[in-house]
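A.B. asks:
Number of protein chains: 2
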Amino acid sequence: MSDTPDSAVRTYMEEHRTAFLADLAEWLRIPSVSAQPEHAQDVRRSAEWLAAKLRETGFPVAEVWPTDGAPAVFAEWPSGDQDAPTVLVYGHHDVQPAAREDGWHTDPFEPTTIDGRMYARGAAGRNAPAVNLKLLVEGEEESSSPHFRALVEQQRERLAADAVIVSDTGMWSEDTPTVCTGMRGLADCGITFRGPDQDIHSGSFGGAVPNPATVAARVVAALHDEDGRVTVPGFYDGIVPLTDQERALFAELPFDEEGWLRTAKSYATGGEAGYSTLERIWARPTAEVNGIGGGYQGPGGKTIVPASAELKLSFRLVAGQDPDKIELAVRDWIATRVPAGIRYEITFGAATRPCLTPLDHPALQSVVRAMGRAFEQPVRFTREGGSGPAADLQDVLGAPVLFLGISVPSDGWHAPNEKVELDLLFKGVETTAYLWGDLAAQPIR
Amino acid sequence: MSDTPDSAVRTYMEEHRTAFLADLAEWLRIPSVSAQPEHAQDVRRSAEWLAAKLRETGFPVAEVWPTDGAPAVFAEWPSGDQDAPTVLVYGHHDVQPAAREDGWHTDPFEPTTIDGRMYARGAAGRNAPAVNLKLLVEGEEESSSPHFRALVEQQRERLAADAVIVSDTGMWSEDTPTVCTGMRGLADCGITFRGPDQDIHSGSFGGAVPNPATVAARVVAALHDEDGRVTVPGFYDGIVPLTDQERALFAELPFDEEGWLRTAKSYATGGEAGYSTLERIWARPTAEVNGIGGGYQGPGGKTIVPASAELKLSFRLVAGQDPDKIELAVRDWIATRVPAGIRYEITFGAATRPCLTPLDHPALQSVVRAMGRAFEQPVRFTREGGSGPAADLQDVLGAPVLFLGISVPSDGWHAPNEKVELDLLFKGVETTAYLWGDLAAQPIR
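As they're listed, the protein sequences go chains A and B.
Per the UniProt record's numbering, the very first residue in the first sequence carries number 1; after that it's consecutive.
Per the UniProt record's numbering, the very first residue in the second sequence carries number 1; after that it's consecutive.
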């Protein structure tokens with residue numbers, strides 16, 4: 001497709017727009033929630049649907065690969081040219097939990113198009129075109145990819161590639177196309193604190209025995225110091241510091257803090273002292289409480305000391321942080337925060353490594369050129385605050401990882417009323433149509 | 001009944017035991033949960049059942065008194081003697097929330113007798129005998145009696161009494177009959193902290209906006225200092241200090257801390273420095289988190305910054321503390337703990353005042369004598385850590401409040417598998433049979 005004129009690409013896309021959107025909607029209807037065991041069958045169904053659709057599209061190879069968890073999909077479409085570079089596109093087919101009562105205006109698993117936006121859980125994903133490439137689409141990204149690295153190691157030969165395209169990032173905004181150069185890693189844990197064997201009367205016992213909800217709250221309160229820095233000893237060890245060049249590139253972006261706050265649906269910025277909002281979300285590690293619960297949460301009151309309390313914590317990591325060391329550091333720190341009479345259990349999910357792409361890699365320049373051609377605008381650089389298993393691909397396959405994604409912050413990833421801007425989705429498809437030709441035209445190895 | 005011999009009382013009770021237990025079971029079947037609006041009809045039904053039963057028992061007057069909330073029951077049975085003192089017995093007919101899934105081994109609203117214990121929500125209440133007295137049985141004690149004081153003020157004349165017996169306390173243990181001389185007061189509140197308008201992605205926004213679950217946790221963590229003292233400014237103002245005599249009386253009780261811990265189903269003691277366990281629960285004020293909730297609490301993880309978090313806090317108060325001042329102090333303190341970008345709402349329930357009975361009141365000596373006769377043992381003194389509207393009765397009616405209750409700590413008030421020891425229940429009934437005669441035989445005014 002290297003010599004296909006832009007107009008031909010656009011005509012093709014217009015002709016196939018309706019069929020493509022129908023396929024996308026059919027896929028989004030499958031509630032492939034990897035975090036909830038009751039949806040295991042749906043995640044499997046999502047993989048099978050995708051493999052069948054890829055075969056129908058023309059991929060000579062499209063297989064469902066089992067793992068110890070949810071299955072992944074692998075597909076391959078060799079180039080006619082023996083010397084063409086090999087590109088592996090990574091994506092995922094699982095989604096975050098979603099329920100109407102969370103605040104969705106439409107059924108999260110019934111895709112609904114309103115004003116050129118398609119609303120559905122998982123809508124803010126990207127579809128790859130079927131040209132000259134390998135596809136790997138896993139099913140546990142939203143559950144921290146617990147079996148992904150093992151799968152990649154096991155299938156190292158079939159996955160071998162000269163570059164890896166990760167289609168799980170976003171761009172700056174509808175008006176500012178950008179290429180992402182790094183993602184944060186993730187370590188997360190659930191902690192249950194147990195006090196009395198059952199809820200006990202706070203009048204008869206309160207004030208004389210430890211309260212597990214108080215202990216859970218104290219752990220959360222102690223996570224950060226007054227400067228918003230994480231207090232877990234060793235947390236910042238080994239971090240690759242932000243360079244002045246990177247900080248300058250970030251500062252050049254047309255960042256409108258008030259607009260960003262509206263997108264975040266929040267009412268103030270705040271975080272680690274000494275860093276800008278963009279630096280905080282892209283290039284600094286964090287500790288966040290994703291959930292807390294214990295005791296009576298119904299209407300009215302109930303004067304009890306609760307039997308237990310639970311925390312869900314997650315830590316975003318940046319280049320230089322090792323998730324395994326972070327897990328040990330958090331475990332050691334928690335152990336020092338639990339008083340006599342409180343028992344606890346802590347469970348970590350599978351970690352995701354952080355990654356960072358060299359700014360000067362030739363394949364990154366191909367991405368920038370293809371994107372500029374589709375969007376007809378200059379392309380800038382960002383990082384992504386979210387996490388994905390890109391670093392595992394880089395480690396195991398020894399290939400540089402490039403990020404190409406067209407979703408925008410207002411899409412509401414993981415939140416109620418998640419959607420995709422259809423115009424951007426088609427510009428993304430157009431970018432990949434140009435990208436394969438650009439990559440084939442130069443040495444990227 | 002002042003001249004009824006003990007043997008006649010016991011024979012009467014044995015003959016009526018089965019009928020009495022059948023009545024009690026019928027009453028306990030009514031899920032009169034005042035904290036849950038869906039049970040409002042049941043609380044009304046409980047009041048009507050009780051009034052009908054009292055009329056059937058012989059009370060010439062037995063009325064259901066409406067309030068702005070749940071109804072109370074009033075009954076009156078005048079003595080034949082013009083000069084007899086008037087005694088008002090206070091109780092309540094509402095119960096705490098209960099559900100099988102909380103850990104009950106039996107249906108909480110289907111009374112079940114096992115080994116001489118009757119298990120049911122509200123089983124650890126007491127029934128008053130029908131002699132020479134007024135009865136007032138309210139329906140919102142478990143919801144902090146929001147309309148009780150207004151009712152007592154409105155019905156001041158019909159409730160007039162020389163002494164008030166409050167049947168809502170317990171005694172030391174099965175083997176050690178005791179009379180309680182004070183109860184703690186209670187102020188409680190619910191606080192909702194709101195951050196983003198909806199749950200947002202912790203990778204895209206986490207670390208750069210305030211997290212309402214973190215704010216809620218920090219409030220809980222800041223409630224106590226390292227000595228376990230409540231940090232809310234002004235919290236301890238005006239407290240009547242524990243005297244050396246009271247501390248000595250407490251210290252004389254056969255307190256077995258390990259046994260107490262088993263009853264508390266807890267694994268360590270702990271609380272305000274410088275006080276014993278009994279002092280902490282009877283004579284010192286506390287702050288307790290009864291419930292906390294925010295963000296994702298399902299299986300697996302969900303990498304979000306939650307939209308909101310909720311706290312349920314309660315404060316036990318001792319003599320000298322004014323619940324209205326405590327509410328203002330807590331409101332002022334919370335206002336200083338909420339950072340920019342977090343909005344909050346705080347709602348207080350109706351407060352309960354603390355109270356303390358003079359050790360040397362002649363009516364208290366009558367209670368001690370009657371109890372000693374029924375239990376055939378010396379009677380000691382305690383306080384109660386729980387709360388009830390006794391102080392309102394003392395204030396409005398100008399009569400001393402005496403506590404008479406036979407439930408024991410292992411009964412599990414407010415917890416799953418709440419029960420009453422039937423032997424103690426009948427000793428309590430016997431005590432009241434002697435008490436009216438003892439009170440009538442001496443001046444208590």
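C-beta atoms are modelled at their ideal positions from N, C-alpha and C, and glycine is treated no differently.
Using beta carbons (cut-off 8 Å, strictly below), is R331/A in contact with chain B?
C.D. replies: no
A.B. asks: Under 8 Å between C-beta atoms, does V73/A make it to chain B?
C.D. replies: Chain B, which has no Cβ nearer than 8 Å to the Cβ of V73/A, makes this no.
A.B. asks: Quick one: give me the first and last residue of the beta strand (DSSP E) that F205/B is part of.
C.D. replies: It is not in any beta strand (DSSP E) - F205/B carries neither H nor E in the DSSP assignment.
A.B. asks: Out of S202/A, T303/A, R369/A, Q442/A, state which residue places its alpha-carbon closest to the alpha-carbon of E430/A.
C.D. replies: R369/A
A.B. asks: For a contact defined as C-beta to C-beta under 9 Å, what are the partners of E310/B on chain A?
C.D. replies: Q297
A.B. asks: Any C-beta of chain B within less than 8 Å: which residues of the segment 250 to 277 of chain A qualify?
C.D. replies: L261, A264, K265, S266, Y267, A268, T269, G270, G271, E272, T277
A.B. asks: For A221/B, which three-state DSSP category applies?
C.D. replies: A221/B falls in the helix class under three-state DSSP.
A.B. asks: If you reduce the DSSP assignment to three classes, tell me which class H93/A lands in.
C.D. replies: Reduced to three states, the DSSP call for H93/A is coil.
A.B. asks: What does DSSP give as the partner residue(s) for R343/A in the beta ladder?
C.D. replies: R194/A
A.B. asks: Is D197/A close to chain B? Criterion is C-beta to C-beta, closer than 8 Å.
C.D. replies: yes
A.B. asks: One question on the structure: do A213/B and V367/A come within less than 8 Å of each other, judged by their Cβ atoms?
C.D. replies: no
A.B. asks: Residues of chain B with CB closer than 9 Å to the CB of R229/A, please, in chain order.
C.D. replies: Residues of chain B passing the Cβ test: none, with the nearest at roughly 11 Å.
A.B. asks: Could you please give the first and the last residue of the uninterrupted beta strand (DSSP E) stretch that includes A70/A?
C.D. replies: If you look at A70/A, you'll find it isn't in any beta strand (DSSP E); DSSP assigns it neither H nor E.
A.B. asks: State yes or no: is the beta carbon of G437/B nearer than 8 Å to at least one beta carbon in chain A?
C.D. replies: no
A.B. asks: Once you ignore the five residues that flank A128/B on each side, which residues in its own chain have a CB closer than 7 Å to its CB?
C.D. replies: Note on A128/B: pLDDT 41, under 50, position unreliable in the model; no value is reported.
A.B. asks: Of all the CB atoms in chain B, is at least one closer than 8 Å to the CB of I114/A?
C.D. replies: no
A.B. asks: Starting from E384/B, follow its DSSP beta bridges and name the residues at the other end.
C.D. replies: Residue pairing of E384/B in beta bridges, as defined by DSSP: M183/B.
A.B. asks: Return the residues of the segment 199 to 217 of chain B that lie within a Cβ-Cβ distance of less than 9 Å from chain A, sorted by chain order.
C.D. replies: D199, I200, H201, S202, G203, S204, F205, G206, G207, A208, V209, P210, N211, A213, T214, A216, A217
A.B. asks: For A52/A, is the classification buried or exposed, using 16 other Cβ atoms within 10 angstroms of its Cβ as the cut-off for buried?
C.D. replies: exposed
A.B. asks: Of the choices A8/B, E142/B, K419/B, S407/B, whose alpha-carbon is the least far from that of G170/B?
C.D. replies: Selected option, being the one with the closest Cα: S407/B.
A.B. asks: Using a Cβ cut-off of 8 Å (strictly closer), state whether A351/A contacts chain B.
C.D. replies: no
A.B. asks: Please decide whether R126/A counts as near chain B, where near means a Cβ-Cβ distance under 8 Å.
C.D. replies: Bear in mind that the predicted position of R126/A carries a pLDDT of just 36, short of 50, making it unreliable; the figure below should be weighed with that in mind. Closer than 8 Å: no.
A.B. asks: Can you find a C-beta in chain A that's less than 8 Å from the C-beta of K427/B?
C.D. replies: no
A.B. asks: Just the chain A side, please: which residues come within less than 7 Å of V305/B by C-beta, in chain order?
C.D. replies: E288
A.B. asks: Would you mind stating whether A399/A and A161/A have Cβ atoms separated by less than 8 Å?
C.D. replies: yes
A.B. asks: Near A150/B, what residues of its chain come up, given a Cβ to Cβ distance below 6 Å and the 5 sequence neighbours on each side ignored?
C.D. replies: none
A.B. asks: Looking at the C-beta of G91/A, does it have a partner C-beta in chain B at a distance below 8 Å?
C.D. replies: no
A.B. asks: Any idea what DSSP makes of L393/A, helix, strand or coil?
C.D. replies: helix
A.B. asks: Could you confirm whether any beta carbon from chain A is found closer than 8 Å to the beta carbon of Q321/B?
C.D. replies: No, Q321/B does not count as interfacial toward chain A.
A.B. asks: Where W436/A and L311/A are concerned, what is the direct C-alpha to C-alpha distance, given to the nearest angstrom?
C.D. replies: 45 Å
A.B. asks: Beta-carbon of V220/A versus every beta-carbon of chain B: anything under 8 Å?
C.D. replies: So, interface residue.
A.B. asks: Pairing CB atoms from the segment 244 to 260 of chain B with CB atoms from the segment 220 to 235 of chain B, are three or more of them under 8 Å?
C.D. replies: These segments do not touch.
A.B. asks: By the criterion of Cβ-Cβ separation under 7 Å, what are the contact partners of R284/A in chain B?
C.D. replies: Close partners of R284/A in chain B (Cβ separation under 7 Å): G207.
A.B. asks: Report the residue ranges of all alpha helix (DSSP H) runs contained in full by the segment 264 to 335 of chain B; include only those spanning at least 4 residues, in chain order.
C.D. replies: 277 to 282, 323 to 335
A.B. asks: List the residues of chain B that K302/A touches, going by C-beta distances under 8 Å, in chain order.
C.D. replies: A35, Q96, P97, N290, G291, K312, H414
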